[in-house]
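Novice:
Chains as they are written, first to last, in our numbering: chain A, 22 to 467; chain B, 81 to 425.
1) Mind checking if residue 459 (chain A) is an interface residue toward chain B, Cβ cutoff 8 Å exclusive?
2) Return no unless some Cβ of chain B is closer than 8 Å to the Cβ of residue 302 (chain A).
3) Using a Cβ cut-off of 8 Å, pull out every chain A residue sitting near residue 238 (chain B), in sequence order please.
4) Taking 8 Å as the cut-off, decide whether the C-beta atoms of residue 408 (chain B) and residue 282 (chain B) are in contact.
5) Would residue 322 (chain A) count as contacting chain B if we go by Cβ distances under 8 Å?
6) Any beta-carbon of chain B closer than 8 Å to the one on residue 145 (chain A)?
7) Who are residue 387 (chain A)'s beta bridge partners in DSSP?
8) Distance check for residue 228 (chain A) and residue 197 (chain A), CA to CA, integer angstroms please.
9) Name, please, each residue of chain A whose Cβ falls closer than 8 Å to the Cβ of residue 277 (chain B).
10) According to a CB-to-CB cut-off of less than 8 Å, which residues of the segment 191-209 of chain B neighbour chain A?
11) What beta strand (DSSP E) runs, 3 residues minimum, are completely inside the segment 313-359 of chain B?
12) Taking only the alpha-carbon atoms, compute the straight-line gap between residue 113 (chain A) and residue 251 (chain A) and give it to the nearest angstrom.
13) When you compare the CB of residue 262 (chain A) with every CB in chain B, is at least one pair closer than 8 Å?
14) Could you tell me the alpha carbon to alpha carbon distance between residue 327 (chain A) and residue 334 (chain B), rounded to whole angstroms?
15) State the CB to CB distance for the pair residue 381 (chain A) and residue 332 (chain A), rounded to an integer number of angstroms; the pair is presumed to be in contact (CB under 8 Å).
16) Do we get a CB-CB distance below 8 Å when we pair residue 173 (chain B) with the residues of chain A?
17) Hey, which unbroken runs of the alpha helix (DSSP H) at 4 residues or more fall wholly within the segment 388-445 of chain A?
18) Is residue 44 (chain A) buried or exposed, if buried means 16 or more other CB atoms sit within 10 Å of its CB?
19) Rounded to whole angstroms, what's the CA-CA distance from residue 246 (chain B) to residue 398 (chain B)? Just pull it up for me.
20) Taking the alpha carbon of residue 77 (chain A) as the point to measure from, which residue in A:87, A:86, A:64 has its own alpha carbon closest?
21) Pull the bridge partners of residue 220 (chain B) from the DSSP assignment, please.
22) Just curious, the alpha helix (DSSP H) that residue 295 (chain A) is in, first and last residue?
23) Could you check whether residue 101 (chain B) and residue 172 (chain B) sit closer than 8 Å to each other, using their CB atoms as the reference points?
24) Once DSSP output is grouped into helix, strand and coil, what is the label at residue 218 (chain A)?
25) Below 8 Å on the Cβ atoms is my contact criterion, and I expect residue 418 (chain B) with residue 257 (chain B) to pass it. Report the Cβ-Cβ distance as a whole number of Å.
26) Who are the neighbours of residue 101 (chain A) on chain B, taking C-beta pairs under 7 Å?
27) What is the DSSP secondary structure of residue 244 (chain B), reduced to helix, strand or coil?
28) In the DSSP assignment, the alpha helix (DSSP H) including residue 114 (chain B) goes from what residue to what residue?
29) Could you tell me if residue 378 (chain B) is buried or exposed, where buried requires 16 or more neighbouring beta carbons within 10 angstroms of its beta carbon?
30) Do you know how far the Cα of residue 129 (chain B) is from the Cα of residue 382 (chain B)?
31) Would you mind giving the Cβ-Cβ distance between residue 111 (chain B) and residue 168 (chain B), rounded to the nearest angstrom? I have them listed as a contact below 8 Å.
32) Within 8 Å (strictly less), CB to CB, does residue 280 (chain B) reach chain A?
33) List the residues of chain B whose Cβ lies closer than 7 Å to the Cβ of residue 286 (chain A), in chain order.
34) Could you give the residue range of the alpha helix (DSSP H) that holds residue 117 (chain A)?
35) When DSSP labels each residue in this structure, what does residue 158 (chain B) get in the three-state scheme?
36) Check the DSSP bridge columns for residue 128 (chain B) and list the partner residues they point to.
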């Protein structure tokens, strides 16, 4: 039906702000239109004084603050749907609720930055977080700090992707597509639907997130258009939707039902009836609690001092119980894997035991659900595998013990990933993870 | 001796209702007619019970869209009017605010029956409202008592009929007076993101409390003005009961503690409405007190307890205070009729 991945509904601008071969700090900083002259001077001064960590940390903070501010203009409800974070609501401050990695991933997916810029930003974030976490008790020589090359690379990508842009905003085509979904009623022959059928899975997932977020927050004519579009689009793509997205729709129904919002309940009821999808409606909203805590584990993992901060939320996640509700399963497994795989610098030792406790209760069926349904859309874990090193080695050790059968997976790339893992072929796993990650967002250039 | 009954009229209306809802079945019509009569004054061991009854072709299909719904089948019976009493005997004691009775018309001759429930949070709409989400998919209807003398039938096809067993001339229990009064009680809250949810919750909560009481008068006014009002005496003033704050806490925390806090306030309010006298609210969603008595009900001196016909006279007296010391007043009669006096005419 679709998903041939041949059509890009929106993409990030590839206009060059600063070429990759420029390493001169004043030149790069000079292109940072979003920085005030005083801020530019401070960064240049710190870089020239070889205070690389200080300069990089400040730069990173400014970049993320601006990026999150721009993402916030899309509306908290939409961000919550796209991230599948029910803990984010209209009162949430996205500066603190959304992690830096989530912000970068969102920016990439919505065409604010390219895939290459996203990759480099995440790498910069890991390096900065690592050096920011070092304290006086760590065994690190005084001259073992952030290098000039690393600092310049961070500076360049922050300027290229965010600080050097005149307007940091989503791709115009995305904004148009979203507006049409909210304000027009499509038919199967509408150009937008025809293009959606030919688009990679990510665009379908995003379209569904837009529909669900408007159903939750919209009123009047907007709900009517979105209701009709949901009744068209969701059944059209239901057969291809992965389980996490089906749970997302069911979760939205349960949430609206408990809120007593009859208009959106009627709309989603019609959708679920047409696809016989009530199996994906959770019995209660316990999953919200699990997702919220799982998110706090992931946030702790991606922030500074992660080895110190991971144990508490990981223990809390385990304390919620071993029966993880369907809608929360993906987030909980990602959280546990973050702890188990760690980062190139190690793992949080104190968080290992609770992570093991959680994973010990996961059946092979649930592992299959996660690896086939969620992992291809999960950049946090895929990135660890694609970069190789210690996290990849830990993955091999962890997943091989599960003895998963490749024949039980239907997706070709995922099947190959499982096969390579079982045969302890790290290079092949690394290559496949990288491929899956890039195929998932094939639209962005760079 | 001539006897006047409402049997033919009731059965005729039920027949039309079922036809509109897509069920042509004479035994069902007769069964529903018996249920309507039985529910009006149903008691068990002297205790009045007011269960809601769902009549449908398939309970599994009806409750499939209700997240977390649970049902227990208790028995089966022939599809006949005589089965109504047996079903109520077995199921009515089990059906409270949370549990409802279901009667499933399995085929042309058999009924299955039992009880079911679904998780009801403060913001979840009640069964008779949520039934409409299944419009057009299958036959289902709810029979419920809405006041001391009225029974309502509501169908998934959005059809709705109330039977008022009273000689009172006013119309049936229209919700417009309640909505106006509730709006007055929330008029001081200002704009808030939870405002719409609280407004829905507050109206439903009041509707439910009024349905379960024997009739009462509600006042909306400022505490100082009510305290100074010479014609309103002997009030029992409270803390106040702050539904808005409790609701916000529930929305923010979503914890069992916060939910219980809200439910405890509702229980207290129910008790107040079942006491003598009037219950007073302010404009911030708070209950100020109860056992307010209007002292000039008979046009003379003395304190009169507004019960029975006196309730209507008390309401007439309170109407004169609207715009002076009272923002608005709502009368809910024993028959289920509601009258509103206030600025929102």
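By construction, the Cβ of each residue, glycine as well, lies at the ideal position given by its N, Cα and C atoms.
Specialist: Straight from the coordinates:
1) Along the first chain, read from residue 1 onward, the residue named residue 459 (chain A) stands at position 438. Chain B, which has no Cβ nearer than 8 Å to the Cβ of residue 459 (chain A), makes this no.
2) Translated into positions along the first chain, residue 302 (chain A) becomes position 281. Contacts with chain B at 8 Å (Cβ-Cβ) include residue 302 (chain A).
3) Translated into the one-based positions of the second chain, residue 238 (chain B) becomes position 158. Correct list: empty, because the minimum Cβ distance to chain A is about 11 Å.
4) Position 328 of the second chain, counted from the start, is the residue given in the question as residue 408 (chain B). Position 202 of the second chain, counted from the start, is the residue given in the question as residue 282 (chain B). Cβ atoms of residue 408 (chain B) and residue 282 (chain B): not closer than 8 Å.
5) Against the first chain, residue 322 (chain A) aligns to sequence position 301. No, residue 322 (chain A) lies away from the interface with chain B (no Cβ there is under 8 Å from its Cβ).
6) As a working mapping, residue 145 (chain A) is identified with position 124 in the first chain. Not one beta carbon of chain B lies nearer than 8 Å to the beta carbon of residue 145 (chain A).
7) Your numbering for residue 387 (chain A) matches position 366 in the first chain. Paired residues: none, contrary to the question.
8) Translated into the one-based positions of the first chain, residue 197 (chain A) becomes position 176. Translated into the one-based positions of the first chain, residue 228 (chain A) becomes position 207. CA-CA distance, residue 197 (chain A) to residue 228 (chain A), rounds to 12 Å.
9) Residue numbering aside, residue 277 (chain B) sits at position 197 when the second chain is read from its first letter. Going along chain A in sequence order, the residues near residue 277 (chain B) (Cβ under 8 Å) are 280, 281.
10) Residues 199, 201, 203, 204, 205, 209.
11) Listed in chain order, they are 316-322.
12) Walking along the first chain from the start, residue 113 (chain A) turns up at place 92. Walking along the first chain from the start, residue 251 (chain A) turns up at place 230. If you take the alpha carbons of residue 113 (chain A) and residue 251 (chain A), they lie about 26 Å apart.
13) The sequence position of residue 262 (chain A) within the first chain is 241, counting from 1. Judged by the 8 Å Cβ criterion, residue 262 (chain A) is not in contact with chain B.
14) Numbered from 1 along the first chain, position 306 holds the residue referred to as residue 327 (chain A). Numbered from 1 along the second chain, position 254 holds the residue referred to as residue 334 (chain B). Inter-residue distance for residue 327 (chain A) and residue 334 (chain B) is about 29 Å (C-alpha atoms, whole angstroms).
15) Start at 1 with the first residue of the first chain, and residue 381 (chain A) comes out as number 360. Start at 1 with the first residue of the first chain, and residue 332 (chain A) comes out as number 311. Between residue 332 (chain A) and residue 381 (chain A) the Cβ distance is about 17 Å, and since that is not below 8 Å, they are no contact.
16) Position 93 of the second chain holds residue 173 (chain B). Cβ-Cβ to chain A under 8 Å: no for residue 173 (chain B).
17) Inside the segment 388-445 of chain A, DSSP marks whole alpha helix (DSSP H) runs of 4 or more residues at positions 400-408, 411-421, 433-443, from first to last along the chain.
18) Residue mapping note: residue 44 (chain A) aligns to position 23 of the first chain, counting from 1. With a 10 Å radius around the Cβ and a threshold of 16 neighbouring Cβ atoms, residue 44 (chain A) comes out exposed.
19) Counting from one through the second chain, the residue named residue 246 (chain B) turns up at place 166. Counting from one through the second chain, the residue named residue 398 (chain B) turns up at place 318. If you take the alpha carbons of residue 246 (chain B) and residue 398 (chain B), they lie about 25 Å apart.
20) In the first chain, residue 77 (chain A) corresponds to position 56, counting from 1. Cα-wise, what sits closest to residue 77 (chain A) is A:64.
21) In the second chain, residue 220 (chain B) corresponds to position 140, counting from 1. DSSP links residue 220 (chain B) through a beta bridge to B:136.
22) Here residue 295 (chain A) is taken as the residue at index 274 of the first chain, counted from 1. From DSSP, the alpha helix (DSSP H) with residue 295 (chain A) extends over 283-296.
23) The residue you call residue 172 (chain B) lines up with position 92 of the second chain. The residue you call residue 101 (chain B) lines up with position 21 of the second chain. No; because the gap between Cβ atoms is not below 8 Å, this pair is not in contact.
24) As a position in the first chain, residue 218 (chain A) is number 197, starting the count at 1. Reduced to three states, the DSSP call for residue 218 (chain A) is helix.
25) Indexing the second chain from 1 puts residue 418 (chain B) at position 338. Indexing the second chain from 1 puts residue 257 (chain B) at position 177. 4 Å between Cβ atoms; contact.
26) Here residue 101 (chain A) corresponds to residue number 80 of the first chain, with the count starting at 1. At a C-beta separation below 7 Å, residue 101 (chain A) has no neighbours in chain B, since its nearest C-beta there lies roughly 14 Å away.
27) Indexing the second chain from 1 puts residue 244 (chain B) at position 164. DSSP places residue 244 (chain B) in strand when its eight states are reduced to three.
28) Taking the second chain and counting its residues from 1, the one referred to as residue 114 (chain B) is at position 34. It spans 106-120 - the alpha helix (DSSP H) in which residue 114 (chain B) sits, taken as one unbroken run.
29) Position 298 of the second chain, counted from the first residue, corresponds to residue 378 (chain B). Here residue 378 (chain B) scores only 47 on pLDDT, less than 50, and its place in the model should not be relied on; the value that follows carries that caveat. Exposure of residue 378 (chain B) is indicated by the presence of fewer than 16 other C-beta atoms within 10 angstroms of its C-beta.
30) Here the question's residue 382 (chain B) lines up with position 302 in the second chain. Here the question's residue 129 (chain B) lines up with position 49 in the second chain. Confidence in residue 382 (chain B) is poor, its pLDDT being 47 and thus under 50, which makes the residue's placement unreliable; the coordinate value appears in the next sentence. The straight-line gap from Cα to Cα measures roughly 36 Å.
31) Working through the second chain from its first residue, we reach residue 111 (chain B) at position 31. Working through the second chain from its first residue, we reach residue 168 (chain B) at position 88. About 11 Å; that fails the 8 Å criterion.
32) Here residue 280 (chain B) corresponds to residue number 200 of the second chain, with the count starting at 1. Closer than 8 Å: yes.
33) One-based indexing of the first chain puts residue 286 (chain A) at position 265. Result: 213.
34) Along the first chain, one-based indexing puts residue 117 (chain A) at 96. Where residue 117 (chain A) is concerned, the enclosing alpha helix (DSSP H) stretches over 115-118.
35) Taking the first residue of the second chain as 1, we reach residue 158 (chain B) at position 78. In the three-state DSSP reduction, residue 158 (chain B) falls in the strand class (E or B).
36) To locate residue 128 (chain B), count along the second chain from 1; it is residue 48. According to DSSP, residue 128 (chain B) bridges with B:123.
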